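S.K.: Residue numbers (the working numbering): 143 to 452.
Below: one structure in structure tokens.
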């Protein structure tokens, strides 16, 4: 292995704890703060972060346990099924949801009349994420738990399930192109298009309140897009090579790095979301400064406390 289990363990554990804290902070603050919670562009971010939280408290701790006790952890088949289902389903769902978010951002910035009424908002803004969630969770539930073949289980592997459906060429081609390549292409095309359209709009309405609002929305989606493009596109490329049966040493090395980056994407996402939202970033920095100040005052108090003689 190019990347040892020990390296993976310390990489993930160093990211997981602060990632969970940032995810909880972002979700709670976006839900409590009515101003931010009512912003349509933040709804999809809340959903994606909620999915990240589910993964962070389920299979990421399982991964850490596996890397620490590899070879001695015997798992039940139902546990392997649940692990594999959550792992793959959440990853794909987040990718498709964000692909939709890049499309929706164009609507919210340049065609806001499309969501000007409750009925229009319900159809254009609320229904698509619900359909994506239902589609992904039902699709993988059927093929993961009720496949038309017999699954293989290997306790020596981290994902102790080798789903037999992935050996079906039709399924593999559809999943690779519909669930990985297409979302990656949508993110690339619509992110670049958003960047260009915002620059063009900047020349027309430079300095206005409308422009500043659009700039914030564009920066948010472009920041997250960079993360998805680095991690998702590389993993999509790996899946293409796998479907076309590329089995060289370079492919095996590339597989390891693509897998590690794919798992890092979920852990890095909360940081990018906080940094891309000015209100969240400002609030988070204030909390950190307050805690540092409180800790420093507490340390100084203990240092200055006079000692008593017996």
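Glycine included, each C-beta is placed from N, C-alpha and C at the ideal position.
All values reported here derive from a predicted model rather than from experimental measurement.
Extract the residue ranges of the alpha helix (DSSP H) inside the stretch 199-272, only unbroken runs of 4 or more that lie entirely within it.
M.R.: Those alpha helix (DSSP H) runs which fall completely within the stretch 199-272 and span 4+ residues are 201-210, 219-252 and 260-263.
S.K.: Could you tell me whether the Cβ atoms of residue 359 and residue 251 are closer together than 7 angstroms?
M.R.: Against a cut-off of 7 angstroms, the Cβ pair of residue 251 and residue 359 comes out as a contact.
S.K.: Give me the residue from 146, 166, 248 and 174 with the minimum Cα distance to residue 208.
M.R.: For residue 208, the nearest C-alpha among the options comes from 146.
S.K.: For the alpha helix (DSSP H) holding residue 391, just list the boundary residues, first then last.
M.R.: Segment 391-418, the alpha helix (DSSP H) holding residue 391.
S.K.: Decide yes or no for the touch test of the stretch 248-263 against the stretch 288-297: beta carbon pairs closer than 8 angstroms, at least 3 of them.
M.R.: Counting Cβ pairs under 8 angstroms, fewer than three are found: no touch.
S.K.: For residue 257, tell me which candidate among 158, 156, 369 and 182 has the shortest Cα-Cα distance.
M.R.: Checking every option, the nearest Cα to that of residue 257 belongs to 182.
S.K.: Between residue 303 and residue 221, what straight-line distance do the alpha-carbon atoms span, to the nearest angstrom?
M.R.: Roughly 9 angstroms separates the two Cα atoms.
S.K.: Residue 202 and residue 228 - do their beta-carbons sit closer together than 7 angstroms?
M.R.: No, they are not a contact pair.
S.K.: Count the CB pairs spanning the stretch 360-376 and the stretch 269-288 that are closer than 8 angstroms, and state whether there are at least three.
M.R.: Short answer: they don't touch.
S.K.: Any idea what DSSP makes of residue 301, helix, strand or coil?
M.R.: Here residue 301 sits in coil by DSSP.
S.K.: Thinking just about the alpha-carbon of each residue, which of 235, 300 and 157 is nearest to the one in residue 214?
M.R.: Selected option, being the one with the closest Cα: 300.
S.K.: Are the stretch 159-168 and the stretch 378-393 touching, with three or more C-beta to C-beta distances below 8 angstroms?
M.R.: Judged by Cβ distances under 8 angstroms, the stretch 159-168 makes no contact with the stretch 378-393, as fewer than three pairs qualify.
S.K.: So for residue 310, helix, strand or coil by DSSP?
M.R.: Coil at residue 310, not helix or strand.
S.K.: In the DSSP output, which residue or residues are listed as bridge partners for residue 180?
M.R.: None, per the DSSP bridge assignment.
S.K.: Between the stretch 232-249 and the stretch 182-198, are three or more C-beta pairs nearer than 8 angstroms?
M.R.: In short, these stretches touch, since the Cβ pair count reaches three.
S.K.: If I measure Cβ to Cβ from residue 192 and keep anything under 8 angstroms in the same chain, skipping five residues before and after, which residues do I get?
M.R.: Within the same chain, residue 192 has close Cβ partners 169.
S.K.: Give me, in chain order, the residues of the same chain whose beta-carbon lies closer than 6 angstroms to that of residue 232; leave out the 5 immediate sequence neighbours on both sides.
M.R.: Same-chain partners within the cutoff: 193 and 197.
S.K.: DSSP state of residue 452, grouped into three classes?
M.R.: Only weak support is given to the placement of residue 452: the predicted model assigns it a pLDDT of 41, under 50, and the value that follows is read from those uncertain coordinates. The answer is coil: DSSP assigns residue 452 none of H, G, I, E or B.
S.K.: Within a Cβ cutoff of 7 angstroms, which residues of the same chain sit near residue 380, ignoring the five residues on either side of it in sequence?
M.R.: The answer, listed in chain order, is 396, 397 and 400.
S.K.: Three-state secondary structure (DSSP) at residue 147?
M.R.: Here residue 147 sits in helix by DSSP.
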